[in-house]
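Taking it in order: structure first as structure tokens, then the write-up.
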Amino acid sequence: MDNYKEQFIEFMVESNVLKFGDFTLKSGRKSPFFMNAGAYVTGSQLMKLGEFYAKAIHDTYGLDFDVLFGPAYKGIPLSVATAMAISRLYGKDVRYCSNRKEVKDHGDTGILLGSKLQDGDRVVIIEDVTTSGKSIEETFPIITGQAKIEVKGLIVSLNRMERGKGTKCALDEIKDLYGFPTAAIVTMKDVVGRLYNRECMGKVVIDDTMKAAIDRYYEQYGAEA
Numbered sequence: 001m002d003n004y005k006e007q008f009i010e011f012m013v014e015s016n017v018l019k020f021g022d023f024t025l026k027s028g029r030k031s032p033f034f035m036n037a038g039a040y041v042t043g044s045q046l047m048k049l050g051e052f053y054a055k056a057i058h059d060t061y062g063l064d065f066d067v068l069f070g071p072a073y074k075g076i077p078l079s080v081a082t083a084m085a086i087s088r089l090y091g092k093d094v095r096y097c098s099n100r101k102e103v104k105d106h107g108d109t110g111i112l113l114g115s116k117l118q119d120g121d122r123v124v125i126i127e128d129v130t131t132s133g134k135s136i137e138e139t140f141p142i143i144t145g146q147a148k149i150e151v152k153g154l155i156v157s158l159n160r161m162e163r164g165k166g167t168k169c170a171l172d173e174i175k176d177l178y179g180f181p182t183a184a185i186v187t188m189k190d191v192v193g194r195l196y197n198r199e200c201m202g203k204v205v206i207d208d209t210m211k212a213a214i215d216r217y218y219e220q221y222g223a224e225a
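Spelled out as structure tokens, the structure:
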């Protein structure tokens, strides 16, 4: 595993974004782990987060694109922080763009925040995590309806590696449905590999008991490889 990916796993735990215990997900599933990107609340956290995304985008898709699109609401700060990090780390100036939940009919009108989309734009979509693909289902028609764009790919922070609507994980379902690549900074397999019986912040967050709970969860909800 790349060093920055190990650092990102530790960063999620340190920021109280990735937690282990007993959680009920929006889907109704009982999960032994939970990720809440809303727990990134400081400037330094967002700066680091943007750098992790920037490195993953650089490694996965390269820098041959024009716009970072972050679906509202959590994708808005992600697109801004990552655009800044790409400029800082790689000297590449990309535009950022997000959608509004409601169309604005005065002042800066329209459904988009940030940059407008133009014909020929190559777009990378950036999200925190996806379990059902619902946000892509909502926003893909919006961005493709604004201009003749090319979606280079989708990047999320964590691939939970669990079934979406069918037997595949949500990222694979999105790739199959929309025809563009999908990727994550890290997967839950990476997370377990880094944290199982190893200290993070002076404690072991995935001990034998938690590892067994995670294994049981994937026996029930794990996606096809």
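Just so we're aligned, residue 1 is where the sequence shown starts under full-length UniProt numbering, counting upward by one. Even glycine gets a Cβ: it sits at the ideal position worked out from N, Cα and C.
- In this structure, methionine 35 and valine 17 form a Cβ contact; the two beta carbons are roughly 6 Å apart against a cut-off of 8 Å.
- Following the DSSP letters along the chain, one finds methionine 35 inside the beta strand (DSSP E) bounded by residues 30-35.
- Minimum Cα-Cα distance from glycine 43 among the listed residues Ala85, Ser27, Leu63 corresponds to Ala85.
- The Cβ neighbour count for lysine 116, taken over all protein chains shown within 10 Å, is under 16; the residue is labelled exposed.
- Segment contact: the segment 180-187 against the segment 212-219, fewer than three CB-CB distances shorter than 8 Å; contact not assigned.
- Residue range 182-187 is occupied by the beta strand (DSSP E) that includes threonine 182.
- Per DSSP, lysine 19 is one residue of the beta strand (DSSP E) stretching across 18-24.
- The straight-line gap separating the alpha-carbon atoms of threonine 144 and methionine 201 is approximately 43 Å.
- Along the UniProt domain "Phosphoribosyltransferase" (42-162), the alpha helix (DSSP H) occurs as fully enclosed runs of 4 or more residues at 43-61, 75-90, 134-146, listed in sequence order.
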